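So for the sequence shown, numbering that gives the first Met the number 0 puts the first residue at 0; every next one is plus one.
Here a beta-carbon is modelled for each residue, glycine too, at the ideal position from N, C-alpha and C.
Nothing here was measured: the structure is a model prediction, and the numbers come from that model.
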Amino acid sequence: MLDELIQRFLYYPERLPADAPLPVYARGAREVFLDAADGNRVHALVWPAAPGRPTILFLHGNAQSVFEWALVREDLADLDCGLFLLDYPGYGKSTGRPTEASLYAAGRAALAWLAGEGVPPARTVVMGKSLGGGVAGEIAQDADLAGVVLESTFRSIPHVLARLLPMIPAGVEFKGERYDTAAKIGKIRAPVLVVHGTRDDLIPVEEGRALYELAREPKALYLVPGAGHNDVAMVAGPEYGRTLREWLDGIATR
């Protein structure tokens, strides 16, 4: 029963017809399909990088599809980076169903696809938003990436559920989905930027602070005063793009 509850809490996929055209705001994107190691075929949108700039592998939150998430390109415009926007199994035009294992397999398939297209990990920044931060923490452990950004991300699913569902008895063992980023972040060799809103009611800012403390150097913490869970870039305004660009350009010269 607990595993079923976690599944319902975690995943809110938006399905897309196979022939659904790109939305207007996603024009210029290339649609690609990746074959993950678990047999799923996952859908992604790709925009090329400007000369000399890295590519951001963006791992979105637990709802909607890459068509809706394509709006994030505007938030990241100041970085002048390429963008690889990955959908998860069971989301959008992707096959399969979302599980912790299938999301990890999709993330690894994205890194492999980029490398095959001439974008090695050293030219890739993995950016995870909310649930996507849990995927980022997993795939970043074994890759020599340019950098890792964790925005509005949690330490682990048990930490989140203990706060959101206090009726769960203490000491209950979580056998299913864990996304235990806290146990993995110290293994990430790339520079880490933790971004969090100070008024996040879903994933409290203390979660972001804890991840920052657990990360290796070089690391940075960017807190956005007054921002909640889904409006970090909007509340921060132009400072959002400037701050991420400054961090990105700084790690490029290390």
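Leaving out five residues before and five after residue i in sequence, what residues of the same chain have Cβ atoms less than 6 angstroms from its Cβ?
| i | result |
| --- | --- |
| A36 | A104 |
| V193 | L149, G207, L210, Y211 and L220 |
| V23 | none |
| D79 | A49 and R52 |
| V191 | V147, A214 and K218 |
| G240 | D77 |
| I250 | G146 and P190 |
| T242 | Y221 |
| R29 | V45 |
| D74 | A232 |
Residue i and residue j look like a contact to me (Cβ under 8 angstroms); what is the Cβ gap, rounded to whole Å?
| i | j | result |
| --- | --- | --- |
| L85 | F66 | Actually they are not in contact, since the Cβ atoms of L85 and F66 sit about 13 angstroms apart, beyond 8 angstroms. |
| L222 | V234 | Not really, about 11 angstroms apart at Cβ, beyond 8 angstroms. |
| A189 | A145 | 7 angstroms |
| H42 | K128 | Contact doesn't hold; Cβ gap of about 18 angstroms is too wide. |
| W112 | L33 | 5 angstroms |
| G236 | Y178 | Actually they do not touch by this definition, with Cβ atoms about 30 angstroms apart. |
| T54 | L82 | 7 angstroms |
Kindly list the residues whose CB is nearer than 8 angstroms to the CB of residue i, restricted to its own chain and excluding five residues on each side of it in sequence; keep chain order.
| i | result |
| --- | --- |
| G27 | W46 |
| L9 | N61, P97, L130, I156 and E176 |
| A114 | P120 |
| Q140 | K183, K186 and I187 |
| Y11 | N61, A62 and Q63 |
| N39 | P88, S93, T94, G95, S101, A104 and A105 |
| A19 | F66 and K92 |
| A17 | K92 |
| H158 | A181 and E206 |
| L70 | Y24 |
Based on the DSSP secondary-structure assignment, which residues constitute the bridge partners of residue i?
| i | result |
| --- | --- |
| Y11 | A62 |
| K128 | E150 |
| G91 | R14 |
| T123 | T54 |
| L31 | Sequence inspection shows Val at residue 31; the Leu mentioned does not correspond to that position. In the DSSP output, where bridge partners are listed per residue, V31 has A43. |
| G81 | T54 |
Which residues in the same chain as residue i place their Cβ atom closer than 7 angstroms to its Cβ, once the five residues preceding and following it in sequence are excluded?
| i | result |
| --- | --- |
| I138 | Y103, G106, R107, L110 and V125 |
| L15 | S64, F66, G91 and K92 |
| R154 | T180, A181, E206, A209 and L210 |
| A142 | L110 and P120 |
| W68 | H59 and L84 |
Would a check of beta-carbon distances place residue i closer than 8 angstroms to chain C?
| i | result |
| --- | --- |
| L70 | The structure shown contains no chain C, having only a single protein chain. |
Original post:
Would the region 223 to 231 and the region 195 to 202 be scored as touching if the rule is three or more Cβ pairs under 8 angstroms?
Top reply: In the pairwise beta carbon analysis, the region 223 to 231 is classified as touching the region 195 to 202: at least three pairs are separated by under 8 angstroms.
Subject >> Meets three-Cβ-pair contact criterion under 8 angstroms: the region 89 to 97 and the region 112 to 123 >> reply: Of all C-beta pairs linking the region 89 to 97 to the region 112 to 123, fewer than three are shorter than 8 angstroms, placing the two stretches out of contact.
Original post:
Going along the chain, which unbroken runs of the alpha helix (DSSP H) with 4 or more residues stay wholly within the region 166 to 231?
Top reply: If only complete runs of 4 or more residues are kept, the region 166 to 231 shows the alpha helix (DSSP H) at 204 to 213, in order along the chain.
Subject >> Continuous alpha helix (DSSP H) assignments of at least 4 residues falling wholly in the region 48 to 78 >> reply: Correct list: 65 to 68 and 71 to 74.
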